[in-house]
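A.B. asks: My questions all concern the structure below.
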Amino acid sequence: MSEELNQAARVGDLNALYRLIGENPFILENIDELPFVETPLHIAAATGQILFAMEIMRLQPSFATKPNKDGFCPLHLALQNGHNQMVSRFVQINSDLVRVKGREGMTPLHYVSETENLDLLAEFLSVCPKSVEDLTIRNETALHIAVKNSRFEALKVQLGWLKRDYIHRLLDPTSKTEVLNWMDEGGNTVLHHAVSLTQAQVQLVKFLIDGGVDINAKNFGGLTAFDVSPDTEIRTEVWRAGGLPASLLPKYTTLAEELRSKISLFKRVAISMRGRDRRISNKTRSTLIAVAALVAAASYQALVNPPAGICQHSNEHSTSNKSAVNSNTSSTTAHDITSIWKKFMRNANEAEIFFISLTLAFGTSITVIFVLLLPDITMASELLLASLLFLIATPATIFKKLPCVDESYFLGFILGSALLASLPLPLRRLKRMVKGFMLKRRDLPALFP
Numbered sequence: 001m002s003e004e005l006n007q008a009a010r011v012g013d014l015n016a017l018y019r020l021i022g023e024n025p026f027i028l029e030n031i032d033e034l035p036f037v038e039t040p041l042h043i044a045a046a047t048g049q050i051l052f053a054m055e056i057m058r059l060q061p062s063f064a065t066k067p068n069k070d071g072f073c074p075l076h077l078a079l080q081n082g083h084n085q086m087v088s089r090f091v092q093i094n095s096d097l098v099r100v101k102g103r104e105g106m107t108p109l110h111y112v113s114e115t116e117n118l119d120l121l122a123e124f125l126s127v128c129p130k131s132v133e134d135l136t137i138r139n140e141t142a143l144h145i146a147v148k149n150s151r152f153e154a155l156k157v158q159l160g161w162l163k164r165d166y167i168h169r170l171l172d173p174t175s176k177t178e179v180l181n182w183m184d185e186g187g188n189t190v191l192h193h194a195v196s197l198t199q200a201q202v203q204l205v206k207f208l209i210d211g212g213v214d215i216n217a218k219n220f221g222g223l224t225a226f227d228v229s230p231d232t233e234i235r236t237e238v239w240r241a242g243g244l245p246a247s248l249l250p251k252y253t254t255l256a257e258e259l260r261s262k263i264s265l266f267k268r269v270a271i272s273m274r275g276r277d278r279r280i281s282n283k284t285r286s287t288l289i290a291v292a293a294l295v296a297a298a299s300y301q302a303l304v305n306p307p308a309g310i311c312q313h314s315n316e317h318s319t320s321n322k323s324a325v326n327s328n329t330s331s332t333t334a335h336d337i338t339s340i341w342k343k344f345m346r347n348a349n350e351a352e353i354f355f356i357s358l359t360l361a362f363g364t365s366i367t368v369i370f371v372l373l374l375p376d377i378t379m380a381s382e383l384l385l386a387s388l389l390f391l392i393a394t395p396a397t398i399f400k401k402l403p404c405v406d407e408s409y410f411l412g413f414i415l416g417s418a419l420l421a422s423l424p425l426p427l428r429r430l431k432r433m434v435k436g437f438m439l440k441r442r443d444l445p446a447l448f449p
């Protein structure tokens with residue numbers, strides 16, 4: 001690299017920079033071809049020449065992520081030399097620079113956690129929330145580095161940010177728990193390191209426990225935080241919070257044992273749903289969601305606003321059959337499901353059949369929409385709960401609103417839903433039978449010439 005360019009970077013001479021570019025328009029591109037090199041941006045970052053560094057970043061943005069021969073990027077050099085204003089300008093231009101890894105996988109966030117630069121630490125977390133998940137080559141998070149170096153204030157800033165980062169947690173609800181309980185190369189969590197320090201602070205341990213760290217997590221040696229703590233006061237605090245020695249904890253199922261075990265029915269259903277969904281293209285999925293939404297909307301409108309006269313037409317039939325249905329249902333044992341269904345279908349009036357059919361159509365449409373949206377949403381459990389409550393409230397509302405629909409409506413709704421849910425099993429079996437029969441027919445000429 002040109003010594004003139006290096007000198008221009010050290011003193012921040014923009015006129016010299018453009019004079020050199022005029023002499024050789026490819027001077028910056030030629031430098032960028034080298035995988036490890038001290039670029040003009042490295043020199044400007046190390047010497048605090050902000051304007052020169054900003055101009056170089058504008059002309060050759062790739063310099064910002066290029067390591068020098070020591071494994072450091074320009075942002076690392078600015079941090080090491082205490083040029084905080086330069087650092088802020090870097091992350092204003094590109095917030096992802098907070099995640100650029102240098103030597104041993106250290107990111108700028110790891111560095112400010114180690115040096116306890118609280119202002120830059122808060123700024124980095126604010127502009128790049130995902131940076132808290134970055135790991136060094138020792139599998140350490142910024143939390144690990146703060147604890148190992150006794151930077152308790154830096155640890156408190158990060159824990160406070162994790163508690164307040166509502167938007168990030170909404171997009172990825174598991175991220176906070178994973179970061180707090182992440183294990184380093186020895187399987188130790190942040191709590192393991194916090195309780196094993198010679199100057200461990202009770203307030204710090206309580207702060208970690210209140211933050212949601214797994215108090216009974218085991219490291220690769222099979223020890224919990226209670227086991228590794230040498231301080232009696234700390235062990236007492238961990239015990240009061242529910243921490244136990246490893247010998248008193250139940251044995252956990254290993255991954256190998258889990259894979260060798262029989263798959264439960266619930267997991268089979270989940271695997272089947274996910275595999276079927278992956279075979280559906282985005283265009284087909286969007287079409288199915290649109291059709292299901294139309295069916296759900298039409299069914300719901302018909303349910304809450306039924307055709308005029310449907311209850312009046314069914315009142316006479318309903319009055320003569322309600323007592324029979326009730327008496328037969330009460331006298332039937334729990335295992336006579338088939339007779340209950342037959343008696344219901346024989347005695348149900350037109351209004352009940354109308355509402356049961358539409359309710360099943362509505363419930364099926366909502367279920368289809370939920371299944372198709374499942375891979376694209378993060379709050380699946382909350383949406384499922386809302387859907388179930390809505391499906392329960394719909395027949396209950398109709399039962400209270402319309403006098404022509406009696407208790408048998410609920411019976412029909414439950415039995416019909418169970419029948420609808422079990423349809424895929426016989427249909428799948430029938431499909432396999434037909435496919436096998438067709439294959440046999442195709443092979444018959446070869447077997448019998």
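Heads up: the sequence shown begins at 1 in the UniProt record's numbering, then just goes up one per residue.
The beta-carbon is built from N, C-alpha and C at its ideal position, and this holds for glycine as well.
Quick one, are the C-beta atoms of Ser-88 and Glu-123 less than 9 angstroms apart?
C.D. replies: The residue given as residue 88 occupies position 88 in the sequence shown. The residue given as residue 123 occupies position 123 in the sequence shown. In contact: Ser-88 and Glu-123 (Cβ atoms closer than 9 angstroms).
A.B. asks: Quick one: any contact between the stretch 74-94 and the stretch 132-144, if contact means 3 or more CB pairs under 8 angstroms?
C.D. replies: No, they do not touch.
A.B. asks: How should Tyr-18 be labelled, buried or exposed, when 16 other C-beta atoms within 10 angstroms of its C-beta is the threshold for buried?
C.D. replies: In the sequence shown, the residue the question calls residue 18 occupies position 18. Burial call: exposed.
A.B. asks: Roughly how many angstroms separate the alpha carbons of Ile-215 and Arg-99, rounded to a whole number?
C.D. replies: Translated into positions along the sequence shown, residue 215 becomes position 215. Translated into positions along the sequence shown, residue 99 becomes position 99. Approximately 29 angstroms between the Cα atoms of the pair.
A.B. asks: Would you call Arg-164 buried or exposed, if buried means 16 or more other Cβ atoms sit within 10 Å of its Cβ?
C.D. replies: Sequence index remark: in the sequence shown, residue 164 carries index 164 (1-based). Answer is exposed; the Cβ neighbour count stays below 16.
A.B. asks: Give me the Cα-Cα distance between residue 452 and Glu-104, rounded to the nearest whole angstrom.
C.D. replies: Outside the shown range of the chain (1 to 449) lies residue 452, about which nothing can therefore be said.
A.B. asks: My output table needs one value for Asp-227: the three-state DSSP class, helix, strand or coil.
C.D. replies: Residue numbering aside, residue 227 sits at position 227 when the sequence shown is read from its first letter. Asp-227: helix per DSSP, three-state reduction.
A.B. asks: Spatial neighbours of Asn-81 within its chain, please: C-beta separation below 6 angstroms, excluding the five flanking residues on both sides.
C.D. replies: As a working mapping, residue 81 is identified with position 81 in the sequence shown. Taken in chain order, the residues that qualify are Ala-46.
A.B. asks: Determine the DSSP secondary structure at Pro-245, reduced to helix, strand or coil.
C.D. replies: For the purposes of this step, residue 245 is identified with residue 245 of the sequence shown, where counting begins at 1. Note: Pro-245 maps to coil in three-state DSSP.
A.B. asks: Could you give the distance in angstroms between the alpha-carbon of Lys-218 and the alpha-carbon of Pro-245?
C.D. replies: On the sequence shown, position 218 is the one that residue 218 refers to. On the sequence shown, position 245 is the one that residue 245 refers to. Approximately 9 angstroms, taken between the alpha carbons.
A.B. asks: DSSP on Ala-418, reduced to helix/strand/coil?
C.D. replies: In the sequence shown, the residue the question calls residue 418 occupies position 418. Legend: pLDDT at Ala-418 = 49, less than 50; position of this residue unreliable, value from coordinates given subsequently. Here Ala-418 sits in helix by DSSP.
A.B. asks: Is it the case that the Cβ atoms of Ala-16 and Glu-4 are separated by a distance below 9 angstroms?
C.D. replies: Within the sequence shown, residue 16 is the residue found at index 16, counting from 1. Within the sequence shown, residue 4 is the residue found at index 4, counting from 1. Yes; because the gap between Cβ atoms is below 9 angstroms, this pair is in contact.
A.B. asks: Could you tell me whether the Cβ atoms of Gly-221 and Gly-187 are closer together than 9 angstroms?
C.D. replies: The count along the sequence shown starts at 1 and reaches residue 221 at position 221. The count along the sequence shown starts at 1 and reaches residue 187 at position 187. Yes, Cβ-Cβ distance for Gly-221 and Gly-187 is below 9 angstroms.
A.B. asks: Can you tell me whether DSSP reads Val-368 as helix, strand or coil?
C.D. replies: Here residue 368 is taken as the residue at index 368 of the sequence shown, counted from 1. In the structure shown, Val-368 sits in a helix (DSSP, three-state: H, G or I).
A.B. asks: Comparing C-alpha positions only, which one of Asn-24, Cys-73, Ile-50 sits nearest to Pro-35?
C.D. replies: Position 35 of the sequence shown, counting from 1, holds the residue named residue 35. The shortest C-alpha separation from Pro-35 is found at Cys-73.
A.B. asks: CB-CB under 7 angstroms to Lys-148, same chain, minus the five flanking residues each way: which ones, in chain order?
C.D. replies: As a first step, residue 148 is located in the sequence shown; it is residue number 148 there, counting from the start. So the list reads His-193, once near-sequence residues are dropped.
A.B. asks: Do Ile-56 and Asn-6 have their beta-carbon atoms positioned less than 9 angstroms apart in this structure?
C.D. replies: Sequence index remark: in the sequence shown, residue 6 carries index 6 (1-based). Sequence index remark: in the sequence shown, residue 56 carries index 56 (1-based). In this structure, Ile-56 does not lie closer than 9 angstroms to Asn-6 by Cβ.
A.B. asks: For Ala-290, does the count of other Cβ atoms within 10 angstroms reach 16, so buried, or fall short, so exposed?
C.D. replies: On the sequence shown, residue 290 is found 290 positions in, with the first residue counted as 1. Flag for Ala-290 reads exposed.
A.B. asks: Only counting the same chain, and skipping five residues up and downstream in sequence, which positions put a Cβ closer than 7 angstroms to that of Ala-154?
C.D. replies: Within the sequence shown, the letter at position 154 stands for residue 154. Hits under 7 angstroms: Ser-113, Glu-116, Leu-118, Leu-121, Ala-146.
A.B. asks: Secondary structure at Pro-129, three-state DSSP: helix, strand or coil?
C.D. replies: Working through the sequence shown from its first residue, we reach residue 129 at position 129. Helix at Pro-129.
A.B. asks: Would you mind sorting Leu-248 into buried or exposed? The rule is 16 or more other CB atoms within 10 Å of its CB.
C.D. replies: Residue 248 sits at position 248 when you count from the first residue of the sequence shown. So Leu-248 counts as exposed.
A.B. asks: From Thr-39 to Gly-22, what distance separates their C-alpha atoms?
C.D. replies: Numbered from 1 along the sequence shown, position 39 holds the residue referred to as residue 39. Numbered from 1 along the sequence shown, position 22 holds the residue referred to as residue 22. Approximately 18 angstroms between the Cα atoms of the pair.
A.B. asks: Would a C-beta distance cut-off of 9 angstroms place Ala-302 and Leu-360 closer than the cut-off?
C.D. replies: Sequence index remark: in the sequence shown, residue 302 carries index 302 (1-based). Sequence index remark: in the sequence shown, residue 360 carries index 360 (1-based). No, these two residues do not count as a Cβ contact at 9 angstroms.
A.B. asks: Out of curiosity, what's the CA-to-CA distance linking Leu-197 and Asp-227?
C.D. replies: One-based indexing of the sequence shown puts residue 197 at position 197. One-based indexing of the sequence shown puts residue 227 at position 227. Answer to the nearest angstrom: the Cα atoms are 13 angstroms apart.
A.B. asks: Per DSSP, what kind of secondary structure is Gln-60 in: helix, strand or coil?
C.D. replies: Stepping through the sequence shown from its first residue, residue 60 is reached at position 60. It is coil, neither helix nor strand.
A.B. asks: Helix, strand or coil for Val-91 per DSSP?
C.D. replies: Here residue 91 refers to the residue found at position 91 when the sequence shown is read from its first residue. In the structure shown, Val-91 sits in a helix (DSSP, three-state: H, G or I).
A.B. asks: Pull up the distance between the alpha-carbon of Ala-256 and that of Ile-263, whole angstroms please.
C.D. replies: In the sequence shown, the residue the question calls residue 256 occupies position 256. In the sequence shown, the residue the question calls residue 263 occupies position 263. If I take the Cα positions, the gap works out to 13 angstroms.
A.B. asks: Helix or strand or just coil, what does DSSP make of Arg-138?
C.D. replies: Mapped onto the sequence shown, residue 138 falls at position 138. DSSP places Arg-138 in coil when its eight states are reduced to three.
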